[in-house]
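**Q** Numbering-wise (this note's numbering), the sequence shown opens with residue 82 and increments by one.
Note that the Cβ used here is the ideal one computed from N, Cα and C, for glycine as well.
Predicted, not measured: the structure shown is a model, and the values here were computed from it.
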Amino acid sequence: MNILFIGDIYGKPGIDILRSSMATLRETYRPNLIIANGENATKGRGLDKKTYKILMETGIHALTMGNWVWGQFELFDFIEGSNVIRPANFPDAPGQGSQVLNFNGVTVMVINLLGRTFMNPNINCPFKTMDELLANRTADYVIVDIHAEATSEKVALGHYLDGRVDAVLGTHTHVQTADSRVLPKGTLYQTDIGMTGPLDGVIGVKKEIVLDRFIKGFARPNEIGEGATQLNAVLLDLKARTIERIHIEAFEAGR
Ligand SMILES: [Fe+2]
C-alpha cells in the first residue's frame with residue numbers, strides 16, 4: 082500500500098505546483114492513495130469550496146487540516162460528507178477528525194490532530210484523543226497527521242503511538258525535516274513533511290512583509306509569496322515500512 086502524503090498546500094502557488102507535478106508524481110511513485118494537508122490552500126488561510134473542488138480534481142483522496150481549519154467559514158457548510166478531515170481533538174466541531182479510505186478492499190484510517198504547545202491550549206489532549214480513536218480501530222492501516230508547532234510535541238506523539246499506528250507525520254511548520262525514519266516499534270515517522278507553495282517567501286508569506294515584522298516590529302497584513310515554488314511530500318510504503326522524502330522546486334523561465 083503506497084501512500085503519497087503532500088505537505089501543506091499554501092495558496093495559489095501551492096495549487097499551481099501541485100497541478101503541474103501530479104502527473105509526474107503519479108508516474109514516478111505509483112501511489113494507491115493521495116492525501117494532502119489543505120489548511121492553507123485558500124489564500125493561506127483555510128479552505129473554501131472552490132479550492133476544495135480544484136484540489137479534489139487533481140486526484141487527492143482526502144485533505145487534512147490544522148489551526149486554520151475554520152479560516153474560511155464556508156467550510157462549516159460543506160465539511161459534512163466531504164473528503165475534508167479536521168483536527169480530531171476539537172471538543173465540539175462539525176465534520177470528522179478521521180476518515181477511512183479504501184483501496185481495493187484495504188482500508189486506511191487517516192487521522193488529523195492539532196498540537197497544543199504554542200498553539201491552541203483550548204482543544205482536547207491529542208494523546209488521549211488518539212487513545213479514544215484507536216480503541217475503535219478497525220482499519221488495516223492508520224496514518225496520523227499531527228499539525229503542531231513544537232517539534233517536541235510531534236516527536237513525543239510519534240513515540241506514544243509507535244507500534245500502534247503505521248505512520249505519524251508532522252505538518253504546519255512548513256520546512257521539511259530530514260528525520261524520516263522507522264521508530265523502534267515499526268511506526269513510520271517524520272517531524273514535518275514541509276510546505277507546498279512559494280519557495281522564496283518566509284514559510285509561504287512574501288519575504289519583505291515578514292522581514293519588516295522582524296526588523297521594524299510591524300508590517301502589512303500577510304501576502305502570499307511570489308515566484309519560484311516548491312512541493313514537499315512523503316511516499317509511504319505501509320507494507321514494506323519505508324518512508325521517502327520528496328522535494329520538488331519549480332522556477333520561472335530565466336532564473
Ligand atoms: Fe498550520
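Counting beta carbon pairs with one atom in the stretch 288-299 and one in the stretch 228-247, are three or more of them shorter than 8 angstroms?
**A** In short, these stretches do not touch, since the Cβ pair count stays below three.
**Q** Ignore the nearest five residues each way along the sequence and tell me which others in I87's own chain have a CB closer than 8 angstroms to its CB.
**A** Same-chain partners within the cutoff: L99, I115, I116, A117, N118, I141, I274, T277, L312, N313 and A314.
**Q** For the 8 angstroms Cβ check, are there 3 or more pairs between the stretch 223-230 and the stretch 245-260?
**A** Because the criterion of three Cβ pairs below 8 angstroms is met, the stretch 223-230 and the stretch 245-260 touch.
**Q** Could one say the Cβ of M103 lies closer than 8 angstroms to chain B's Cβ atoms, at least one of them?
**A** The structure shown has no chain B; it contains just one protein chain.
**Q** Check each residue's C-beta against every heavy atom of ligand 1 and list, in chain order, those closer than 5 angstroms.
**A** Result (chain order): G147, N148 and H253.
**Q** Return the first residue and the last residue of the alpha helix (DSSP H) that R326 is part of.
**A** First-last for R326: T323 to A331, but that is the beta strand (DSSP E), not the alpha helix (DSSP H).
**Q** On the three-state DSSP scale, how would you describe G278?
**A** Looking at G278 - three-state DSSP - the assignment turns out to be strand.
**Q** Going by DSSP, what residues sit across from R262 in a beta bridge?
**A** Answer is Y270.
**Q** The alpha helix (DSSP H) spanning H240 covers which residue range?
**A** From DSSP, the alpha helix (DSSP H) with H240 extends over T232 to L242.
**Q** Below 8 angstroms between beta carbons: does that hold for A229 and G251?
**A** Contact flag set, yes.
**Q** Can you tell me the Cα-Cα spacing of F184 and I290, whole angstroms?
**A** Approximately 44 angstroms between the Cα atoms of the pair.
**Q** Pairing CB atoms from the stretch 154-168 with CB atoms from the stretch 188-197, are three or more of them under 8 angstroms?
**A** Because the criterion of three Cβ pairs below 8 angstroms is met, the stretch 154-168 and the stretch 188-197 touch.
**Q** Count the other C-beta atoms from every protein chain shown that fall within 10 angstroms of the C-beta of E213, then say buried if there are 16 or more, exposed otherwise.
**A** Exposed.
**Q** I'd like to confirm the pairing. Which residues does DSSP put opposite T145 in its beta bridges?
**A** DSSP output for T145 lists N118 and I166 as bridge partner(s).
**Q** From which residue to which residue does the beta strand (DSSP E) around D173 run?
**A** It is not in any beta strand (DSSP E) - D173 carries neither H nor E in the DSSP assignment.
**Q** Going straight from the alpha carbon of K320 to that of L136, what length do you get?
**A** Rounded to whole angstroms, K320 to L136 spans 27 angstroms at the Cα level.
**Q** Name the DSSP bridge partner or partners of S102?
**A** Paired residue(s): none; S102 is not in a bridge.
**Q** Would you call the stretch 253-265 and the stretch 298-310 touching, i.e. three or more CB-CB distances under 8 angstroms?
**A** Contact between the stretch 253-265 and the stretch 298-310 is absent, because fewer than three Cβ pairs lie under 8 angstroms.
**Q** Using 8 angstroms as the threshold, is the C-beta distance between I84 and P112 below it?
**A** Yes. Within cutoff.
**Q** Please identify the residue among L128, G162, T132 and F159 whose C-alpha is closest to the C-alpha of G147.
**A** Among L128, G162, T132 and F159, the Cα nearest to that of G147 belongs to L128.
**Q** Just the Cα atoms here: how many angstroms apart are N205 and E333?
**A** If you take the alpha carbons of N205 and E333, they lie about 44 angstroms apart.
**Q** Where do the ends of the beta strand (DSSP E) carrying Y222 lie?
**A** Y222 to H228 is the extent of the beta strand (DSSP E) around Y222.
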